[in-house]
Amino acid sequence: MSLECSRRCMKGDRWGGEGVRERTGGDRCKFWRLKQYWHAEKLDVMIDDHLVQVIKCQKVARGVIARRQFQIMLQRHRTEEKMMETFLWPLEDASHFISNALDELIKQDKVKQREDQKDALYMDLQNAAAFRAKATVENGVDHSPDGKQDPKPQYRKRAPPPIKARNRFSGQVAALAGKVTPNDIVTHDSEIEDTGVWRPQKCRRDQQTAKVRDHIGKGIQLDVDQEGNVWVTRLSRNDVIVKGCFEPHKHCISKEVIQNMGHLTLNSPMKVFDLLEFKSQLAKEKAKGEEHMDHRKLAKLSVVSISFVKDTIKDTDTPCWILVVILPALRLESLRPKDQQDVEKLLMAYQPAAEKKHNKMGRTTSRRWAKDHQRSSDHNGKSDGRAARLKDQNMAKNLGLEVRYSWDDRNGDDNRSIESEQSSIAGKGSGLKTLSRRNQATFRLRNFDPADLDEELSLANEAVQAKKKKKWARQGHEKREIRAVFFQTISDRELLKHFRKLFLWICMCKLKGFDARETRRPAPPPYSM
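What the sequence shown shows, in the UniProt record's numbering, is residues 1 to 529, in sequence order.
Put into structure tokens, the structure is as follows:
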């Protein structure tokens, strides 16, 4: 309607203008002259009506599209449910089959385990029968008292003749010198002292342990020398490890074993228990007193753990290992007279060694302190440095004037360094005491070579005592000199303290706003808003 009215108005039809005026109702409309259209509210209402109709159409269209999409999704969901049902039925059947097969396998394993036990018992019976037959052939058959052969003879194995102990060492071996070498240990095939780990077999042994036992081979040979040290020779091609190389303070193994990280070399005897080391540990425990001795520690020191083929941190996790208990070391806790003498000699040799180590550490600390507390001096300065002072002294000497040195100046570097030395004497002493307490355990030596004769020990002790007396005399003389210098300069130090306090008081007065020479502070200005 509005488009038709606008076309007629543009063509100049007066009837068209009157029609528009009648339809819009209007005296408020003006045409042709001003070209203004004043019925905007009427047009807005018509546009709103059209928008409502368009929105209704859009709602209907969207509802139809949504219903179609929902039907499609519902159909797809139903097809997926049917497919899942068809998949779960065969899966359930397969799970029942697997569970039944597993139960059958468990039953078969139990039956096989019983058969293995029976086979093991049968093999043991066969071995026992073969052993009895061999003993019968070697020793003969016993006869009855009437001279007739007994149909059921009593088999008895005769003991072999005693074997004389072999002399494995050449030369006299000292009790404390530690002169036994691997060349003195003779590797031989033992006749009656073999101990095997192959029999009896266990049916429930895990596979890893069984595999390791198969690779042990000839194993090892244990020997004890005249001193009481234990030597081990590896005869097997596979590896043999001695435990404790990472914690030597808890074991008495030798230095060679520690250097090889516990691994034994093939056909070469190595000392796995050092009795001299055990005696040194026992001497340290005896020095604490009978009440404070750690018997549990000594018992652990007398045990050696050896693992075959493989090694782990804990003994219980190692597939195959043995534990060797050194009974002579356990019996040493109740000291015999000879052992008591050995322990006393070790203590006499241990004390000078520990004191020597302590003195060495003290000298190192003193040198470090001297480097850190050097004299403060301006060597690079041009006005008051050392070069400038030497130049002034040479000029004074050439002119015949009085020469002044650095120690003549009260505020010079020499006096300041003397004061710093005096103030740091106490700190230096406390630092040395703290260091000695902190490293007290470090100063104790575990391995040392004591002397063989009492005369050499006595001479060494006399030399140590003479060095001690000289050192004490020198230290006392130095302390007396330092004390004299301290008493000479104490008055100057007090004077410097007073001057310092006075200077600080003057500075504070300047900052507060009044003259230090006045006795009273000037009155404050009147208070004003």
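We put the CB at the ideal spot given by N, CA and C, even for glycine.
Bear in mind the structure is a predicted one, so any value in this text is a computation, not a measurement.
Per the coordinates, the alpha-carbon of residue 321 lies some 9 Å from the alpha-carbon of residue 311. Distance from the Cα of residue 295 is smallest, within the candidate group 306, 278 and 257, for 278. Shown here, residue 47 sits in a helix according to DSSP, grouped into three states.
For residue 263, DSSP records a beta bridge to 241. One alpha carbon belongs to residue 403, the other to residue 387, and they sit about 15 Å apart.
Here the segment 211-225 makes no contact with the segment 281-295; the two share fewer than three CB pairs at distances below 8 Å. If you look at residue 270, you'll find it in the beta strand (DSSP E) that goes 270-273. Scanning its chain for C-beta atoms nearer than 6 Å, with the 5 sequence neighbours on each side dropped, one finds around residue 234 the residues 220, 240, 264 and 266, in chain order. Counting only the Cα atoms, residue 119 lies some 21 Å from residue 133. Of all alpha-carbon atoms in 127, 324, 260 and 210, the one lying nearest the alpha-carbon of residue 302 is that of 324.
For residue 278, the three-state secondary structure derived from DSSP is helix.
DSSP places residue 221 in the uninterrupted beta strand (DSSP E) bounded by 220-224. Around the Cβ of residue 89, a 10 Å sphere holds fewer than 16 other Cβ atoms; the residue is exposed. Annotation for residue 212: no beta strand (DSSP E) segment contains it, though the alpha helix (DSSP H) segment containing it runs 207-214. When the five nearest sequence neighbours on each side are left out, the beta carbons in the same chain lying within less than 8 Å of the beta carbon of residue 318 are those of 307, 310, 311 and 312, in order along the chain. Under the criterion of beta carbons closer than 8 Å, residue 298 and residue 228 do not qualify as touching, at roughly 15 Å.
Going by beta carbons, residue 251 and residue 304 fall inside the 9 Å limit. Distance from the Cα of residue 245 is smallest, within the candidate group 255, 505 and 42, for 255. Around the Cβ of residue 64, a 10 Å sphere holds fewer than 16 other Cβ atoms; the residue is exposed. Nearest to residue 327 by C-alpha distance, out of 300, 314, 316 and 292, is 300.
Rounded to the nearest angstrom, the gap between the Cα atoms of residue 215 and residue 92 is 47 Å.
Here DSSP, grouped into helix, strand and coil, assigns residue 309 to coil. Judged by DSSP secondary structure, residue 323 falls within the beta strand (DSSP E) whose first and last residues are 321-325. The beta carbons of residue 232 and residue 269 sit closer together than 9 Å. Beta-carbon to beta-carbon, residue 253 and residue 272 are separated by about 6 Å, close enough to satisfy the 8 Å threshold. Residue 400 is classed as exposed because its beta carbon has fewer than 16 other beta carbons within 10 Å across all chains shown.
Between residue 237 and residue 217 a beta carbon distance of about 6 Å is seen, short of the 8 Å cut, so the two are scored as contacting. For residue 389, the uninterrupted alpha helix (DSSP H) segment begins and ends at 386-399. One alpha carbon belongs to residue 130, the other to residue 100, and they sit about 45 Å apart. Excluding the 5 residues flanking it on each side, residue 230 has same chain C-beta neighbours closer than 8 Å at 222, 223, 224, 271, 272, 273, 304, 324 and 326, in chain order. Per DSSP, reduced to three states, the secondary structure at residue 233 is strand. In the DSSP assignment, residue 301 falls within the unbroken alpha helix (DSSP H) covering 295-301.
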